[in-house]
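In the UniProt record's numbering, the protein residues as written are 1 to 241.
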């Protein structure tokens with residue numbers, strides 16, 4: 001399931017700075033967790049702290065939280081979480097638990113960003129964001145980035161309507177944020193025979209490093225797509241502000 005990018009964002013070349021939080025999730029608890037954030041998104045103003053959107057997703061026993069900011073906190077200096085952070089943490093604690101083996105504090109749930117590709121000159125128009133999850137051989141970020149960089153340097157990304165790609169890792173998990181022109185992406189899904197060899201090469205090149213998160217239930221690439229269960233964007237903010 002893809003998340004719609006707000007029209008005010010899609011009409012410009014600006015993109016948010018995105019952090020990805022990876023945790024474990026009690027399956028079936030999405031509505032409980034989503035309702036907690038929906039409540040605090042209504043009664044607080046995350047945008048005053050630089051947060052202008054969030055996409056929350058699940059994939060099997062994984063909780064994924066894509067946090068969208070006006071800019072990189074290392075640049076803005078806005079590193080504070082919501083004033084209600086402690087109340088939120090307590091409310092979701094029965095359902096959301098740390099993923100990494102080295103976890104000691106909340107910052108350890110933030111995945112490592114290791115690859116970005118966006119087309120030269122920027123893009124405008126409607127865009128959608130799809131989040132995919134796979135297993136990754138630990139320590140193979142450079143190899144995975146190399147495969148995507150080689151593909152993105154060719155015509156495949158433009159031909160399939162890709163307007164941006166971001167990769168993040170957390171131990172043995174790789175999270176792939178894929179931004180696309182929805183019209184062109186749908187057309188490719190309907191008639192992709194001419195592109196099949198190019199897709200097959202990318203998959204073959206990635207095979208030594210990545211695999212389905214749940215191979216016993218995986219049947220096709222759509223089974224790697226995470227499900228959106230909460231989406232919030234600041235209603236009174238746009239990139240020009």
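Built from N, CA and C at the ideal position, the CB exists for glycine as well.
With a CB to CB cut of under 6 angstroms and the five nearest residues on each side skipped, what residues in its chain are close to residue i?
i, result
"residue 237", "47, 52"
"residue 143", "209"
"residue 86", "none"
"residue 214", "60"
"residue 161", "180, 181, 184, 185"
"residue 140", "209"
"residue 1", "227, 228"
"residue 205", "147"
"residue 188", "160"
"residue 117", "152, 165"
Note down, in chain order, each residue of its chain lying with its Cβ closer than 7 angstroms to the Cβ of residue i, except the 5 sequence neighbours on either side.
i, result
"residue 57", "64, 131, 226, 227, 228, 229"
"residue 72", "17"
"residue 172", "135, 136, 138"
"residue 41", "232"
"residue 104", "none"
"residue 211", "134, 135"
"residue 5", "127, 128, 129"
"residue 292", "As displayed, the chain neither begins before 1 nor continues past 241, which places residue 292 out of reach and without an answer."
"residue 197", "none"
For residue i, which of helix, strand or coil comes out of DSSP?
i, result
"residue 107", "helix"
"residue 101", "coil"
"residue 211", "strand"
"residue 74", "helix"
"residue 34", "helix"
"residue 242", "Outside the shown range of the chain (1 to 241) lies residue 242, about which nothing can therefore be said."
"residue 230", "strand"
"residue 15", "coil"
"residue 60", "coil"
"residue 284", "Look at the range of the chain in this structure, 1 to 241, and you will see that residue 284 is not part of it."
"residue 24", "strand"
"residue 200", "helix"
"residue 222", "helix"
"residue 189", "helix"
"residue 93", "coil"
"residue 3", "strand"
"residue 69", "strand"
"residue 54", "strand"
"residue 45", "coil"
"residue 87", "helix"
Between residue i and residue j, how many whole angstroms is the CB-CB distance? I'm expecting something under 8 angstroms.
i, j, result
"residue 152", "residue 165", "7 angstroms"
"residue 147", "residue 202", "7 angstroms"
"residue 185", "residue 167", "Residue 185 to residue 167, Cβ: 18 angstroms. No contact."
"residue 169", "residue 114", "6 angstroms"
"residue 25", "residue 62", "6 angstroms"
"residue 163", "residue 119", "7 angstroms"
Going by beta carbon distance, what residues of the same chain come within less than 8 angstroms of residue i, once the five residues before and after it are set aside?
i, result
"residue 101", "171"
"residue 88", "36, 37, 40, 82"
Any 3 or more C-beta pairs closer than 8 angstroms across the region 165 to 178 and the region 17 to 30: Of all C-beta pairs linking the region 165 to 178 to the region 17 to 30, three or more are shorter than 8 angstroms, placing the two stretches in contact.
The region 120 to 129 / the region 4 to 19 touching (three or more Cβ pairs under 8 angstroms): The region 120 to 129 and the region 4 to 19 touch, with no fewer than 3 CB-CB distances between them shorter than 8 angstroms.
Any 3 or more C-beta pairs closer than 8 angstroms across the region 91 to 106 and the region 29 to 47: Enough Cβ pairs lie closer than 8 angstroms, so yes.
Contained alpha helix (DSSP H) runs [length at least 4] in the region 104 to 184, N- to C-terminal order: Listed in chain order, the complete alpha helix (DSSP H) runs (minimum 4 residues) inside the region 104 to 184 are 141 to 152, 156 to 159.
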